[in-house]
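One structure is given below, encoded as structure tokens.
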Amino acid sequence: MQSSISQSPIATPKTSVKGRIHSLESCGTVDGPGIRFVIFTQGCPLRCLYCHNPDSRCIREGQEVTVDELMTQIPKYRSYMRFSGGGVTITGGEPLMQPEFVREIFRRCQDQGIHTALDTSGYVNLDVAKPVLDHVDLVLLDIKSFDPKIYFKITNVSLEPTLAFAQYLSEIKKPTWIRFVLVPNLSDNLESIEGLAQFVSSLGNVENVEILPFHKMGEYKWQQLGYDYQLKDTPSPTPQQVQQVMEIFQRQGLHVQ
Ligand code: SF4
1 MQSSISQSPI
11 ATPKTSVKGR
21 IHSLESCGTV
31 DGPGIRFVIF
41 TQGCPLRCLY
51 CHNPDSRCIR
61 EGQEVTVDEL
71 MTQIPKYRSY
81 MRFSGGGVTI
91 TGGEPLMQPE
101 FVREIFRRCQ
111 DQGIHTALDT
121 SGYVNLDVAK
131 PVLDHVDLVL
141 LDIKSFDPKI
151 YFKITNVSLE
161 PTLAFAQYLS
171 EIKKPTWIRF
181 VLVPNLSDNL
191 ESIEGLAQFV
201 SSLGNVENVE
211 ILPFHKMGEY
221 KWQQLGYDYQ
231 LKDTPSPTPQ
241 QVQQVMEIFQ
251 RQGLHVQ
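Under my numbering, the sequence shown is numbered contiguously, ending at residue 257.
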């Protein structure tokens, strides 16, 4: 959910499951392993202060596409995916706002031997998520803070569903990467990060932790939409701060990048 956008969606109506997307990126390299076809879905229940795609919030906006349309595009990039160990990532917005659409894309990708990754905030009803997870090879789970008050300040929703989602992923042994955005003066409390690292380490299914330094690449979109960008005076973390946080996770025996 931190990626930039590079390509507009296609539009040839056919009959199949439909969904609404914000955009597509044909050769993404930051949303899971290898080179990936990335689908940014429309709609998100969170209101993250640092969101790069604030125009993806409303589920009624974006562009309607069918799974058939997407499945005519995706196989074109198969050779890139194969040699790089990549696949398809669905991110957002929040993909689990459109569970049938996402499930059908993943199901058809897996039928063709294409690796599937779901990037989610985990702020979702578990009963809605479970059928989707049946067709997910890897979950990229964004945990924006381990402090409920800070989590709410960042996202405007509660932390608890995301932790319950993480626990469920652990129970079903679903391969998972955790993503944490380090924002100075907001998500950088070391005690809270220590708590998050202990929690993540206890799960047993986490293959990788990504520390994402805050930056303001999406600020112009907030201005275009007339939204108040509250982090305009917030700096990016220094390399030393990022290293310090990485070491907290590494001390818990986690692989960090
Ligand atoms: S989860 Fe947050 S960062 Fe991701 S799309 Fe929603 S509001 Fe933006």
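Note that the Cβ used here is the ideal one computed from N, Cα and C, for glycine as well.
Euclidean distance between Cα positions of residue i and residue j
| i | j | result |
| --- | --- | --- |
| tryptophan 222 | tyrosine 229 | 6 Å |
| cysteine 58 | lysine 130 | 24 Å |
| aspartate 137 | proline 33 | 11 Å |
| aspartate 142 | serine 170 | 15 Å |
| cysteine 48 | asparagine 156 | 7 Å |
| leucine 182 | valine 102 | 28 Å |
| leucine 302 | glycine 226 | Shown here, the chain extends from 1 to 257; a query on residue 302 therefore has no answer. |
| glutamate 247 | glycine 253 | 10 Å |
| glycine 43 | arginine 108 | 23 Å |
| glycine 62 | leucine 24 | 11 Å |
| serine 84 | tyrosine 123 | 31 Å |
| leucine 126 | leucine 118 | 14 Å |
| valine 245 | aspartate 68 | 43 Å |
| arginine 82 | aspartate 233 | 42 Å |
Counted within 10 angstroms of its Cβ, other Cβ atoms place residue i as buried (16 or more) or exposed
| i | result |
| --- | --- |
| aspartate 55 | buried |
| tyrosine 220 | exposed |
| serine 145 | buried |
| phenylalanine 214 | buried |
| histidine 255 | exposed |
| proline 235 | exposed |
| glutamine 240 | exposed |
Terminal residues of the alpha helix (DSSP H) in which residue i lies
| i | result |
| --- | --- |
| glycine 19 | Premise fails: glycine 19 lies in the beta strand (DSSP E), 18 to 28, not in any alpha helix (DSSP H). |
| isoleucine 154 | 148 to 155 |
Endpoints, beta strand (DSSP E) assigned at residue i
| i | result |
| --- | --- |
| aspartate 119 | 116 to 120 |
| glutamine 63 | 63 to 66 |
Beta carbon proximity, residue i to chain D, threshold 7 Å
| i | result |
| --- | --- |
| glutamine 252 | In the displayed structure, chain D is absent; only one protein chain is listed. |
Item to check | Under 6 Å, CB to nearest heavy atom of the ligand SF4: contacting residues | outcome: Met1, Cys44, Leu46, Arg47, Cys48, Cys51, Asn53, Ser56, Gly92, Gly93, Glu94, Ser121
Checklist entry - Is it true that the stretch 200 to 210 meets the stretch 150 to 164, where meeting means three or more beta-carbon pairs spaced less than 8 Å apart? => result With the cut-off at 8 Å, the stretch 200 to 210 and the stretch 150 to 164 do not touch.
Checklist entry - Counting pairs of beta carbons, one from the stretch 35 to 44 and one from the stretch 62 to 77, are three or more of them closer than 8 Å? => result Taking a contact to require three or more Cβ pairs closer than 8 Å, the stretch 35 to 44 and the stretch 62 to 77 qualify as touching.
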